[in-house]
Every structure is written in C-alpha cells, then in structure tokens.
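Counting from 57, one number per residue, gives the positions in the sequence shown under my numbering.
Notes for the one structure printed next.
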Amino acid sequence: MGALRPTVDTKFHIDFSWWDKQNKNVRVLLVEHLCEECRENIGSVSEPKIVDMVDPVTAEVSKVDAVWEAVRACCSTKPDYLTSETPLIDSIFRVFLANGNQPLSAQELYERLDKRPPEVILRVLTKGTVHLGIRPT
Ligand SMILES: [Zn+2]
C-alpha cells in the first residue's frame, strides 16, 4: 500500500510529525481556533500544558495539548466554529480538531461540511503542498 493514488475514500488526518519537521509550532495555530472565552482563559499561557483527551467513542486516552482539548470539548461546540465563511481548508482542519483527529475520507469530510464536492476536497488535499499537515493516514 502507500503508492496507491488517493481516492475520495482515502482516509486523511492531521499528521503532527509534519508539523515537527516544518519546525512549526502547532500550538500557535491551535490557539487561533479557540473561542473568545477559552482564548482569555488559556490562549495567553505560553507554557505548553499537556492534558488527557478521552476518545468519546473508544474511551481511549491520549496526551494532547490543553489548547486542543479546549477546542474539542468547548469551542467546536459553538455555533460559529464552522460557518459558511470558514475557508475550506480551515473547515477540514477544524473537523479533525473537533473529532480528536480520527481519520476521515474526502467523502466523509464532504458529508460533514456540505461545502464542496468530495472530488474538490480530495484535490485540495492532494495537489501541491501539504496544507496544515493534513495528509493521508
Ligand atoms: Zn472554547
């Protein structure tokens, strides 16, 4: 596997090793997705804080940045988390933040976002540069 051409059923996720390799701090980006309330509470804390995130489906516990857990548990439930004005790539990123980075295909992203057809989503995710570390699993 691996050499296969991605299709609308190929699963994608946020590859955090990509962020490490780019020497980019994913935390800086995560803070941008906080709601106003959380931004006031934890957005200004410069020290990374690691908390347990419990998968709502499998009950599996993983260690994640406190900012991400806040996005998942709080901010992603706010009505303005995903709007029609949110750019497609940001919307996809936000879906993964909200679901704990569970792999999703272009088809599944389309069903959640209802913005662009799955073929367009696939093209955005596979053409040219990697966006926000979103890569095939
Ligand atoms: Zn929040």
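Ideal Cβ placement from N, Cα and C applies to all residues, glycine included.
None of the values given here were measured: they were computed from a predicted structure.
The alpha carbon of residue 185 has as its nearest neighbour, out of 74, 157 and 63, the alpha carbon of 74.
Distance between residue 86 and residue 137, taken at the CA atoms: about 13 Å. In chain order, the residues that have a beta carbon nearer than 6 Å to some heavy atom of ligand 1 are 90, 91, 93, 94, 126, 130 and 131. Around the C-beta of residue 181, 16 or more other C-beta atoms lie within 10 Å, and the residue is accordingly described as buried. Distance from the Cα of residue 123 is smallest, within the candidate group 82, 155, 188 and 151, for 82.
Look at residue 113 here: in three-state DSSP terms it is coil, with no helix or strand label. For residue 98, there is no enclosing alpha helix (DSSP H), as DSSP marks it with neither H nor E.
Rounded to whole angstroms, the gap between the alpha carbons of residue 109 and residue 145 is 24 Å.
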